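Taking it in order: structure first as structure tokens, then the write-up.
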Amino acid sequence: MTLGVTVAGLGLWTAVGLLILMEAGVPIPIPNDLVMLAIGGRVAAGDLAWWEGLVALEIVAVVSTLVLFSAARGPGSVVVRRLGPRIGLTPERLDRASQLVERRGRVALAIGRGTPGLRTVTTVAAGTSGLSARRALPPLLVGATVFAQLHLVLGLGVGPLAEELFHRAASVAVVLAVILVAAAAVFWVVRRGRRRGVQAWEEAACPVCLGLAAVVEHFAAPELEGPLD
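Using the working numbering, you'd call the opening residue of the sequence shown number 291 and step up by one each time.
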């Protein structure tokens, strides 16, 4: 693929990696549609060959679907049950999606993975429903491919506008991230108490530490407190 091409200010492979995370359900506060449309804009501008844009988005469609489906199976289902409601994957939504999959089969999987607002919940429902990968993945990949490649086509016309909107959204996301980290840091200091205030602040200012603390709180605490009935 062409090297040195930027998409919405990002390197092509950085944009692809970001899209994979977004499409795999990671709650990044930037619309993934804008990045896809921006790739189409690079094709329209002649910076990327059409097949390069197509391959880039197909990689996103395939890898993200495989990651999300695999994560929802086995041990990943525990994470979905615990953290899913915080990003809209409530038990009710998952149950409705599972029932739809049971009634409509592969057609529901393809349509769901290709429909905005249903894409993540459909894939997670397929992963937690007990459907074999052999049955579930082909229609999910069809839906993901249609969604991604449609954005490539649309981006041929509105790519420049999408890049401008992406930069605005990214600026807002940075501000929100700073606010969230600051709020988490204050909460951490208050919770740990004055005696360990300085050490707690240093820990809270570390995003990795915040992530580890969240994991411990969600998974270790229930084990220490006993079963929740």
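Using N, Cα and C, we set each Cβ at its ideal position, and we do this for glycine too.
Treat the numbers as computed from the prediction; the structure is a model and nothing was measured.
Problem - DSSP-derived helix/strand/coil call for GLY343 - result: Within the sequence shown, numbered from 1, the residue matching residue 343 stands at position 53. Note: GLY343 maps to helix in three-state DSSP.
Handout entry: Whole-angstrom distance between GLY402 and SER354, CA atom to CA atom
Key = In the sequence shown, residue 354 corresponds to position 64, counting from 1. In the sequence shown, residue 402 corresponds to position 112, counting from 1. Each residue's Cα considered, the two are about 15 Å apart.
Practice task
Tell whether a beta-carbon distance below 7 Å holds between LEU302 and ASN322.
Solution key: Within the sequence shown, residue 302 is the residue found at index 12, counting from 1. Within the sequence shown, residue 322 is the residue found at index 32, counting from 1. No, these two residues do not count as a Cβ contact at 7 Å.
Handout entry: Check whether PRO429 and ARG393 have beta carbons under 7 Å apart
Key = Mapped onto the sequence shown, residue 429 falls at position 139. Mapped onto the sequence shown, residue 393 falls at position 103. In this structure, ARG393 does not lie closer than 7 Å to PRO429 by Cβ.
Exercise for the section: Flag this pair as yes or no: are the beta carbons of LEU446 and ALA346 separated by less than 7 Å? Expected result: Residue 446 sits at position 156 when you count from the first residue of the sequence shown. Residue 346 sits at position 56 when you count from the first residue of the sequence shown. No.
Exercise for the section: Have a look at MET312, ALA423, ALA434, GLU382 and flag the residue whose alpha-carbon is nearest the alpha-carbon of ALA400. Expected result: Position 110 of the sequence shown holds residue 400. Nearest C-alpha to ALA400: ALA434.
Practice task
Using alpha carbons as the reference points, say which of ALA398, VAL325, THR412 lies closest to LEU444.
Solution key: Within the sequence shown, the letter at position 154 stands for residue 444. Looking at the Cα atoms, VAL325 is the closest of the given residues.
Problem - Bounding residues of the alpha helix (DSSP H) (the contiguous stretch that carries ARG363) - result: Taking the first residue of the sequence shown as 1, we reach residue 363 at position 73. Here ARG363 belongs to no alpha helix (DSSP H), and DSSP marks it neither H nor E.
Handout entry: Own chain partners of VAL357 with C-beta closer than 6 Å, once the 5 adjacent residues on each side are dropped
Key = Within the sequence shown, residue 357 is the residue found at index 67, counting from 1. Same-chain partners within the cutoff: ALA314.
Handout entry: Sequence-distant residues of its chain with Cβ nearer than 6 Å to ARG409 (five each side left out)
Key = Reading the sequence shown from its first residue, position 119 is the one you call residue 409. For ARG409, where only same-chain residues beyond five positions count, the Cβ hits under 6 Å are ARG403.
Handout entry: Check whether ALA438 and VAL350 have beta carbons under 7 Å apart
Key = Mapped onto the sequence shown, residue 438 falls at position 148. Mapped onto the sequence shown, residue 350 falls at position 60. Closer than 7 Å, so yes.
Exercise for the section: Answer yes or no: do VAL436 and ALA415 have a C-beta to C-beta separation smaller than 7 Å? Expected result: Start at 1 with the first residue of the sequence shown, and residue 436 comes out as number 146. Start at 1 with the first residue of the sequence shown, and residue 415 comes out as number 125. Their beta carbons are not under 7 Å apart, which means VAL436 does not touch ALA415 by this criterion.
Practice task
For ARG484, count neighbouring Cβ atoms within 10 angstroms of its own Cβ and tell me buried if that reaches 16, exposed if not.
Solution key: Here residue 484 corresponds to residue number 194 of the sequence shown, with the count starting at 1. Model confidence at ARG484 stands at a pLDDT of 48, short of 50, so the residue's coordinates are unreliable and nothing is read from them.
Handout entry: Under the three-state DSSP convention, the category THR380 falls into
Key = By one-based count along the sequence shown, residue 380 stands at place 90. Three-state DSSP puts THR380 in coil, outside helix and strand.
Exercise for the section: For ALA328, count neighbouring C-beta atoms within 10 Å of its own C-beta (all shown protein chains included) and say buried if the count is 16 or more, exposed if not. Expected result: The residue labelled residue 328 in the question sits at position 38 within the sequence shown. ALA328 is buried by the Cβ-count criterion.
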